[in-house]
Amino acid sequence: MSAVTERPETDTPGTFTGLERAVINRLQCGLPLVRYPYAAVAEELGISEADLLHTLRDLLERKVLTRFGPMFHAGEMGGGLTLAAMRIPEPDFARVTGQVNQLDEVAHNYRREHDLNMWFVLATETPEDIDRVIADIEAVTGYPVYNMPKEEEFHVHLYFPV
Amino acid sequence: MILSPSPEYLAIAPEAPGGGPVSAWGLLRLRRELEKGLPLTPKPYQTLAERSGLTEDEVMAAVRQWQAQGLIKRLGLVVKHRTLGYTANAMVVWDIPDDQVHAIGQAMTRMPFVTLCYQRPRRLPDWPYNLFCMIHGIDRPRVLAQLDRLIADQGLQHTPHAVLFSTKAYRQRGACYVGRH
Numbered sequence: 111m112s113a114v115t116e117r118p119e120t121d122t123p124g125t126f127t128g129l130e131r132a133v134i135n136r137l138q139c140g141l142p143l144v145r146y147p148y149a150a151v152a153e154e155l156g157i158s159e160a161d162l163l164h165t166l167r168d169l170l171e172r173k174v175l176t177r178f179g180p181m182f183h184a185g186e187m188g189g190g191l192t193l194a195a196m197r198i199p200e201p202d203f204a205r206v207t208g209q210v211n212q213l214d215e216v217a218h219n220y221r222r223e224h225d226l227n228m229w230f231v232l233a234t235e236t237p238e239d240i241d242r243v244i245a246d247i248e249a250v251t252g253y254p255v256y257n258m259p260k261e262e263e264f265h266v267h268l269y270f271p272v
Numbered sequence: 016m017i018l019s020p021s022p023e024y025l026a027i028a029p030e031a032p033g034g035g036p037v038s039a040w041g042l043l044r045l046r047r048e049l050e051k052g053l054p055l056t057p058k059p060y061q062t063l064a065e066r067s068g069l070t071e072d073e074v075m076a077a078v079r080q081w082q083a084q085g086l087i088k089r090l091g092l093v094v095k096h097r098t099l100g101y102t103a104n105a106m107v108v109w110d111i112p113d114d115q116v117h118a119i120g121q122a123m124t125r126m127p128f129v130t131l132c133y134q135r136p137r138r139l140p141d142w143p144y145n146l147f148c149m150i151h152g153i154d155r156p157r158v159l160a161q162l163d164r165l166i167a168d169q170g171l172q173h174t175p176h177a178v179l180f181s182t183k184a185y186r187q188r189g190a191c192y193v194g195r196h
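Top to bottom, those sequences are chains A and B.
Heads up, the first sequence is in our numbering, so the first residue is 111 and it goes up one at a time.
Heads up, the second sequence is in our numbering, so the first residue is 16 and it goes up one at a time.
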């Protein structure tokens with residue numbers, strides 16, 4: 111049975127065609143480093159190279175996929191990277207969200223259900239910039255920032271089957 | 016934010032024995048081109064070679080070496096998990112004795128639904144947790160069932176933990192590590 115017609119595991123969302131599903135799932139596992147990588151993957155999936163490229167372009171255009179290509183390791187690039195949290199009372203939440211998100215260094219910002227209710231990732235040009243950005247945020251917002259840089263990363267293969 | 020790639024990006028050994036050094040300028044161009052993604056052409060490394068002034072062999076050697084060095088984590092899709100239907104996103108945090116955190120962190124990565132796992136510092140007295148893992152799932156009941164499996168599997172029934180579901184993403188973008196143009 112080809113991967114295109116194979117049913118996905120349970121607990122997966124179901125809004126994609128069989129072809130899209132096969133392409134998304136297969137390419138999350140990487141692309142071989144060969145001269146004709148799309149032809150190689152297409153053959154594995156039992157589809158044509160043109161269909162694979164067309165599906166990829168379409169998924170990118172529809173913004174289902176963010177991008178296709180190498181993921182560079184942020185920490186290896188010499189910049190600073192950390193996870194930070196704040197405890198913001200409800201009446202101030204919108205104001206502080208606006209202030210924090212104004213900064214270019216803020217890569218993600220999630221509201222979470224906890225006493226510490228604002229969680230964001232800071233990515234800076236140099237490791238030393240982290241402390242400066244945190245001090246800026248504390249000064250502008252009037253609330254303390256809990257800085258929680260990673261001490262060890264346990265490597266997980268990110269995979270979101272559809 | 017403009018970051019210059021570290022020097023190890025430029026130390027690419029020539030593919031062919033006796034081949035000349037790989038152009039540093041070309042490698043920097045390649046690094047920038049790759050940031051935009053892999054070209055959707057039948058021969059993407061050849062396309063990158065034409066855009067960065069290298070040969071196809073040099074491009075493939077550079078990508079191979081950057082992967083081996085861990086500079087490139089992987090070559091593949093970058094998905095928006097929310098768009099794919101993974102809208103329930105729980106950060107599960109644990110207070111693990113320091114001498115066990117490494118082993119338990121590694122064990123957690125074997126659970127297929129754990130999508131990230133990091134050791135981070137406690138911030139006492141407000142924050143006693145030192146191990147953070149993410150579970151991305153279709154909905155909350157399924158994420159909580161997966162968490163139950165994780166607890167049973169790892170024997171964490173008596174380990175203090177908290178589940179922080181996200182309720183809103185105010186900003187979700189990848190950081191750009193090479194200068195924007």
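Idealized CB from N, CA, C, for every residue including glycine.
8 Å contact criterion, which residue i and residue j should meet: CB distance rounded
i         : j         : result
Ile87(B)  : Met181(A) : 7 Å
Ile111(B) : Leu146(B) : 5 Å
Phe264(A) : Gly85(B)  : With a Cβ gap of about 15 Å, Phe264(A) and Gly85(B) do not count as contacting.
Leu129(A) : Thr165(A) : 6 Å
Gly140(A) : Arg89(B)  : 5 Å
Ala237(A) : Gly190(A) : In the sequence on display, residue 237(A) carries Pro and not Ala. Correct: roughly 4 Å between the Cβ atoms.
Buried/exposed call for residue i, threshold 16 Cβ in 10 Å
i         : result
Pro59(B)  : buried
His151(B) : buried
Asn211(A) : exposed
Leu171(B) : buried
Thr56(B)  : exposed
Leu165(B) : buried
Ala249(A) : exposed
Gly91(B)  : buried
Gln134(B) : buried
Ala76(B)  : buried
Gly208(A) : exposed
Arg136(A) : buried
Thr234(A) : buried
His173(B) : exposed
Pro147(A) : buried
Leu267(A) : Note on identity: in this sequence residue 267(A) is His, with Leu being the wrong assignment. Exposed is the call here.
Ala190(B) : Its pLDDT being 40, under 50, Ala190(B) is placed unreliably by the model, and the measurement read from it follows with that caveat. By the neighbour-count rule (16 or more Cβ atoms within 10 Å), Ala190(B) is buried.
Ala118(B) : exposed
Thr182(B) : exposed
Ala83(B)  : exposed
Trp81(B)  : buried
Ala195(A) : buried
Trp40(B)  : exposed
Gln138(A) : buried
Which of helix, strand or coil DSSP assigns to residue i
i         : result
Ser38(B)  : coil
Pro112(B) : coil
Val255(A) : coil
Phe147(B) : strand
Met126(B) : coil
Gly120(B) : helix
Val133(A) : helix
Arg195(B) : Bear in mind that the predicted position of Arg195(B) carries a pLDDT of just 28, short of 50, making it unreliable; the figure below should be weighed with that in mind. Coil.
Leu69(B)  : coil
Thr125(A) : coil
Ile198(A) : coil
Asn211(A) : helix
Phe264(A) : coil
Ile157(A) : coil
Val272(A) : coil
Arg274(A) : The displayed coordinates of chain A run from 111 to 272. Any statement about residue 274(A) would go beyond what the structure contains.
Arg79(B)  : helix
Val231(A) : strand
Same chain, Cβ closer than 8 Å to residue i, neighbours up to 5 away in sequence not counted
i         : result
Ala204(A) : none
Arg79(B)  : none
Ala149(A) : Glu159
Ile153(B) : Gly100, Tyr101, Thr102 and Ala103
Asp161(A) : Leu129 and Ala152
Glu215(A) : Leu232, Ala233, Thr234, Asp239 and Val243
Neighbourhood of residue i by C-beta, 7 Å cutoff - its chain only, sequence neighbours within 5 removed
i         : result
His218(A) : Phe230 and Val231
Pro54(B)  : Thr62 and Leu63
Ile198(A) : Val206, Asn227, Met228 and Tyr253
Asp225(A) : Arg197
Residues near residue i in its chain [Cβ-Cβ closer than 6 Å; skip 5 each side]
i         : result
Ala105(B) : Ile150, Val158, Val178 and Phe180
Arg145(A) : none
Tyr101(B) : His151
Glu153(A) : none
Lys95(B)  : none
Pro175(B) : Asp110
Glu71(B)  : Tyr60, Gln61 and Ala64
Thr251(A) : Val206 and Gln209
Ala184(B) : none
Against chain A: residues of the segment 84-99 of chain B by CB proximity under 9 Å: Gln84, Gly85, Leu86, Ile87, Lys88, Arg89, Leu90, Gly91, Leu92, Val93, Val94, Lys95, His96, Thr98 and Leu99
Cβ-based contacts, 8 Å cut-off: residues of the segment 140-165 of chain A near chain B: Gly140, Leu141, Leu143, Arg145, Tyr146, Pro147, Tyr148, Ala149, Glu159 and Leu163
Members of the segment 48-76 of chain B near chain A, C-beta cut-off 9 Å: Leu49, Glu50, Lys51, Gly52, Leu53, Pro54, Leu55, Thr56, Pro57, Lys58, Pro59, Tyr60, Gln61, Glu71 and Met75
Residues in the segment 240-258 of chain A having any Cβ partner in chain B nearer than 7 Å: Tyr256 and Met258
Contact residues within the segment 154-176 of chain B, judged by C-beta distance below 7 Å to chain A: Arg157
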